[in-house]
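Down below is the structure, laid out as structure tokens.
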């Protein structure tokens, strides 16, 4: 994954030099370049998170990708469950709850891996909490 990120970043540098040297290609390449820059941004964010988790906590790449899958699954479950209760509690209350859960999960993401015996369990709990907030935000 890291090699792919580095390839994307080097491709962006090459494409930028190509566009700067030949201004006529700017309109033709702008859509593809924008996509590659966005993809590299997400890739860079994932790579930096993966390297931090691997270096600081010794978590394998398989477990890191499990965190992403777990986050997506929890968000989908919250989306389905929220159909029944968002109308009862109101949209304002659900948005306050969503932002609170998302913020708490992100804060716990920095605290729980250090506090619990297994850093992966701490990350999993924090991801679950901010995934609940993320799922509510989507409703």
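Residue numbers (the working numbering): 720 to 858.
Backbone N, C-alpha and C define an ideal beta-carbon position, used for all residues, glycine too.
Note that the coordinates shown come from a computational prediction; the quantities given were computed from them, not determined experimentally.
Check, Outcome
"Anticipated Cβ contact below 8 Å, residue 831 with residue 841, distance rounded", "3 Å"
"Environment of residue 843 [buried if 16+ CB atoms lie within 10 Å]", "buried"
"Contact the stretch 848-856 vs the stretch 792-803: 3+ CB pairs below 8 Å", "yes"
"Beta strand (DSSP E) runs contained entirely in the stretch 785-852, provided each spans 3 or more residues", "none"
"C-alpha gap between residue 810 and residue 839, whole angstroms", "33 Å"
"Residues near residue 818 in its chain [Cβ-Cβ closer than 8 Å; skip 5 each side]", "852 and 856"
"Beta-carbon proximity of residue 786 to residue 846, cut-off 7 Å", "yes"
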